[in-house]
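What follows is one structure encoded as C-alpha cells, with my remarks underneath.
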Amino acid sequence: DPTSRVLVSWATAVEDGVERLQRWSVPAFLLLAFLALLHGNHRVGLFESSEARYAEVAREMVDTGDYLSPQIDYVHHFTKPPLTYWITAAGYLLFGASPFGARFFVAVASVLLLAVTAWLCRLEQPRSSGVAAAAFLFFNLEFFALSKVLTTDLYLALWIASGFLLWRLREAGRLPVAAHVLPHEVAV
18 DPTSRVLVSW ATAVEDGVER LQRWSVPAFL LLAFLALLHG NHRVGLFESS
68 EARYAEVARE MVDTGDYLSP QIDYVHHFTK PPLTYWITAA GYLLFGASPF
118 GARFFVAVAS VLLLAVTAWL CRLEQPRSSG VAAAAFLFFN LEFFALSKVL
168 TTDLYLALWI ASGFLLWRLR EAGRLPVAAH VLPHEVAV
C-alpha cells in the first residue's frame, strides 16, 4: 500500500530528526550556556571579598612565579587549598590579570557541571537527552550567580558531581574500578 509506505517513510524521517536533535541538543545548549556565562565578565570588576582574595593570590602567583606558596600582599597565605589559585592563575596567563581572566575557568567549571548533570540524567532516563536537567540547573538564579563569581563553590560542586557520575558509570558496568577510584584517591 503506497500510503503505508509514505507513513512509514515519514515516521522514520521524524524519528531520525528527533534522534539528531537529541544528539546535538546538549552540545548546543552547553555552548550557549558558556557564551552566556562569559558575557559581561570583562565589564564587572571583582566585587566580593572572597573573589578579590582568590584573584589577588593568583595574580601574585603569576607575578612571583611561586605557585607552591600562596601569598596575599606578598605574605604567605596557607588558609585555603591552592587549586582555585592555580586555576585562576591559568586564566591570568591566558587572558591577562583581569576580571575576565579570573572568572574564565569558573565558567568552564560551570559548563562542565551542566554536562555532568545532563549525563547523569541520561543515565537515569536513557530516552532523555539530559538537556532539560542541565537547563533547570542553568536557569537556577543561585547557580547562574555563582557561575559568574570567583569562588571555590563551583569547583567543589563539579568535583562532587563528577564523583557521583563516576560511581553511577561504575554501577552500570561502564567503567573499570580503577577509573572510578583513582581521581578521588589522588584528591584525598
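Take 18 as the starting number for the sequence shown in this note's numbering and just add one per residue. All residues carry an ideal CB built from backbone N, CA and C; glycine is no exception.
Task: Within 8 Å, strictly: CB atoms of L63 and A119 - done: As a position in the sequence shown, residue 63 is number 46, starting the count at 1. As a position in the sequence shown, residue 119 is number 102, starting the count at 1. Yes, the pair counts as a contact, with Cβ atoms nearer than the cut-off.
Open item on the list: Less than 8 Å between the C-beta atoms of Y109 and R76, yes or no?
Closed with: As a position in the sequence shown, residue 109 is number 92, starting the count at 1. As a position in the sequence shown, residue 76 is number 59, starting the count at 1. In contact: Y109 and R76 (Cβ atoms closer than 8 Å).
- [ ] Taking 8 Å as the threshold, find out whether the segment 115–130 comes into contact with the segment 44–56 through three or more Cβ pairs.
- [x] yes
Task: Element boundaries [alpha helix (DSSP H), containing V133] - done: Translated into the one-based positions of the sequence shown, residue 133 becomes position 116. Per DSSP, V133 belongs to the alpha helix (DSSP H) from P116 to E141.
Open item on the list: What does the Cβ neighbour count give for V205, buried or exposed, with the cut at 16 atoms within 10 Å?
Closed with: Sequence index remark: in the sequence shown, residue 205 carries index 188 (1-based). Here the model assigns V205 a pLDDT of 47, short of 50, so the residue's position is not dependable and the matter cannot be decided.
Task: Whole-angstrom distance between V92 and T81, CA atom to CA atom - done: Numbered from its first residue, the sequence shown carries residue 81 at position 64. Numbered from its first residue, the sequence shown carries residue 92 at position 75. Roughly 12 Å separates the two Cα atoms.
TODO: Return the chain-ordered list of same chain residues with a C-beta closer than 6 Å to the C-beta of T168, the five sequence neighbours on each side being excluded.
DONE: What you label residue 168 is simply residue 151 of the sequence shown in a count that begins at 1. For T168, same chain residues with a beta-carbon under 6 Å away, outside a window of 5 residues either side, are S67 in chain order.
Open item on the list: Pop quiz: A150 and T134 are said to be a contact at Cβ under 8 Å. What is the actual Cβ separation, rounded to whole angstroms?
Closed with: Residue mapping note: residue 150 aligns to position 133 of the sequence shown, counting from 1. Residue mapping note: residue 134 aligns to position 117 of the sequence shown, counting from 1. In this structure A150 touches T134 by the C-beta definition: roughly 5 Å separates them, less than 8 Å.
- [ ] To the nearest angstrom, report how far apart T105 and F122 are at their CA atoms.
- [x] Position 88 of the sequence shown, counted from the start, is the residue given in the question as residue 105. Position 105 of the sequence shown, counted from the start, is the residue given in the question as residue 122. Between T105 and F122, the C-alpha separation is close to 7 Å.
TODO: Report the partner residues of H56 according to the DSSP bridge assignment.
DONE: Position 39 of the sequence shown, counted from the first residue, corresponds to residue 56. Paired residues: none, contrary to the question.
Open item on the list: Classify Y71: buried if its beta carbon has 16 or more other beta carbons within 10 angstroms, exposed otherwise.
Closed with: The residue given as residue 71 occupies position 54 in the sequence shown. Its Cβ being crowded by 16 or more others within 10 Å, Y71 is buried.
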